[in-house]
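Some notes on the structure that comes next.
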Amino acid sequence: MGIRPRFGTLLTVLVLAGAAALEGCGGDHAATSGASAPAAIRLGALVPLSGTNAQSGREMRDAAQMAVDEVNAAGGVLGRKVELLVSDDACDPGTAVVKANDLVAQDITVSVGGYCSSATVPTLKVFRDAGVPMVIALATSTDLLVPKYDSVFLISGTVTAEGVFAVAAMRRMGSKRLIIVNDGTSFPVTLGRTTADAAAKPGTGIETVATHELSQGAPSYARLARQIVGEKVDTVYFTGYYGEANQLIRDLRTAGFDGRIFVGDGATDGPLLTNLTAAQTRNVFGTALMVPTLMPSLAEWSKRFEKVTGRQPGAGGPESYDAVTVAVDAIKRAGSVDHAAVRAAIAATPDLPLLSGKVKFNADGTRENPVFLLLQVRDGKLVEIPAG
């Protein structure tokens with residue numbers, strides 16, 4: 210969940226989290242200063258800036274802001290500047306709905322956020338009812354596809370693709386008996402389900418022994434860890450987020466589990482490895498989306514990012530940057546900020562080059578050829594290992 214800088218003068222992006230609503234909805238904005246400058250085109254981003262996923266949210270915010278800065282430094286789009294409105298959904302469904310309505314009231318043209326699927330899913334109807342197309346940066350649950358809205362587009366691969374990817378990796382490593390652990394929320398539950406489905410296909414040789422659910426934010430998962438040890442499996446796949454993953458790894462090792470521990474893409478950043486020993490992180494693997502520091506293809510972008518922000522980019526930024534790129538490209542091709550025209554332009558995106566590779570959307574809003582990395586903990590850090 211990471212960030213992207215570019216050369217040239219960088220304009221300050223106005224980040225509004227809950228500003229007063231401007232008049233109008235879905236059309237041109239009233240000019241905010243004087244009478245000469247055309248009003249900015251607004252993009253909205255719901256990301257977690259508080260709570261346990263705040264680090265990922267900050268990466269998303271900064272990456273999206275950088276993309277907007279670069280667009281403006283290059284002259285904007287349709288002769289207008291682009292403005293980014295960022296709001297904290299805290300990965301909470303109720304908060305996300307309130308903040309989505311706030312963004313709609315501020316007349317955004319496209320929504321470019323979306324980290325926790327559980328907080329993104331309930332905003333689908335809010336944006337749909339307002340006619341606002343969504344380019345979802347990081348949420349990947351198949352629950353996002355259930356309403357069958359033609360205005361929802363996913364930058365990242367879905368949990369279905371990740372589940373297949375994870376099972377293929379486990380099979381190559383010789384896994385035979387698998388336990389899946391989720392946290393009861395949308396993305397982890399659906400990733401667990403699609404992983405079990407992939408494991409059940411003929412020829413994998415993997416039996417899903419059980420699926421367990423833990424509580425987010427609990428101080429200990431020792432009881433669950435002891436139960437897993439008693440179930441005599443060789444592989445555990447935790448499909449939730451990094452805070453719980455860290456504690457679960459600790460408790461599994463303390464309970465005597467020495468098999469493979471996989472974590473999904475929601476856990477391969479942030480404090481996953483905080484205060485874990487080398488012994489505890491042995492045979493710990495991750496299925497991940499894009500990790501800038503591990504991808505040579507993003508080296509130049511990562512340098513630009515570090516020059517602007519003073520730090521290396523983290524996971525999540527590339528997808529957030531790409532979401533803005535897709536939105537701006539669609540607005541340019543539509544020649545308008547009309548929601549329907551922009552939605553149609555996004556749907557027709559013609560193999561647009563992005564940090565995550567060329568993007569083209571399927572009829573259901575998913576992207577062709579999603580990117581996943583296979584990671585392993587070595588010498589106290591996650592490194593990419595061959596996936597094939």
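Residue numbers (my numbering): 210 to 597. Backbone N, C-alpha and C define an ideal beta-carbon position, used for all residues, glycine too.
Query: In whole angstroms, give me the CA-to-CA distance for Thr-329 and Pro-257.; Result: 11 Å
Query: Apart from the five residues just before and just after Ala-263, which ones in its own chain have a Cβ nearer than 7 Å to its Cβ?; Result: Pro-257
Query: Compute the Euclidean distance between the alpha carbons of Gly-303 and Val-517, then round it to the nearest angstrom.; Result: 34 Å
Query: For the candidate residues Asp-588, Gly-449, Pro-480, whose alpha-carbon lies nearest to that of Thr-496?; Result: Gly-449
Query: For Asp-359, does the three-state DSSP call read helix, strand or coil?; Result: coil
Query: Is DSSP giving Lys-590 helix, strand or coil here?; Result: strand
Query: For Val-472, which beta-bridge partners are listed by DSSP?; Result: Phe-447, Gly-495
Query: To which residues does DSSP link Arg-576 through a beta bridge?; Result: Phe-570
Query: Report the rounded CA-to-CA distance for Ser-545 versus Val-537, giving the unit in angstroms.; Result: 11 Å
Query: Which whole-angstrom value describes the C-beta separation of Ala-543 and Ala-556, a residue pair presumed to lie in contact below a C-beta threshold of 8 Å?; Result: So it is not a contact: roughly 11 Å between Cβ atoms.
Query: Alpha carbon to alpha carbon, what distance is there between Glu-440 and Tyr-530?; Result: 43 Å
Query: I believe Ala-464 touches Val-493 by the beta-carbon criterion, under 8 Å. Please report the beta-carbon distance rounded to the nearest angstrom.; Result: Not really, about 15 Å apart at Cβ, beyond 8 Å.
Query: Can you check whether the CB of Leu-583 is closer than 8 Å to the CB of Ala-596?; Result: yes
Query: May I ask which residues mark the beginning and end of the alpha helix (DSSP H) holding Leu-312?; Result: 302-314
Query: Measuring straight from C-alpha to C-alpha, what distance separates Val-295 and Pro-331?; Result: 18 Å
Query: Buried or exposed: where does Asp-467 fall if 16 or more other Cβ atoms within 10 Å of its Cβ makes it buried?; Result: exposed
Query: Residue range of the beta strand (DSSP E) that Asn-281 falls in?; Result: Per DSSP, Asn-281 belongs to no beta strand (DSSP E); it is in the alpha helix (DSSP H), 263-282.
Query: Assuming contact is defined by CB atoms lying nearer than 8 Å, are Phe-396 and Val-368 in contact in what I supplied?; Result: yes
Query: Between which two residues does the beta strand (DSSP E) carrying Asp-297 extend?; Result: 291-297
Query: Over the uninterrupted beta strand (DSSP E) stretch that includes Gly-253, give me the two end residues.; Result: 250-256
Query: Ends of the alpha helix (DSSP H) at Val-551?; Result: 548-556
Query: Do you know how far the Cα of Met-269 is from the Cα of Gly-525?; Result: 6 Å
Query: Give the DSSP bridge partners of Val-517, in chain order.; Result: According to DSSP, which records beta bridges pairwise, Val-517 is partnered with nothing at all.
Query: CA-CA distance, Val-319 and Asn-310?; Result: 13 Å
Query: Comparing alpha-carbon positions, which option in Ala-248, Ala-405, Ile-345 lies nearest Phe-362?; Result: Ile-345
Query: Assign Glu-440 to one of three DSSP states: helix, strand, or coil.; Result: coil
Query: Given a cut-off of 8 Å on the beta-carbon distance, is the pair Phe-471 and Thr-444 in contact?; Result: yes
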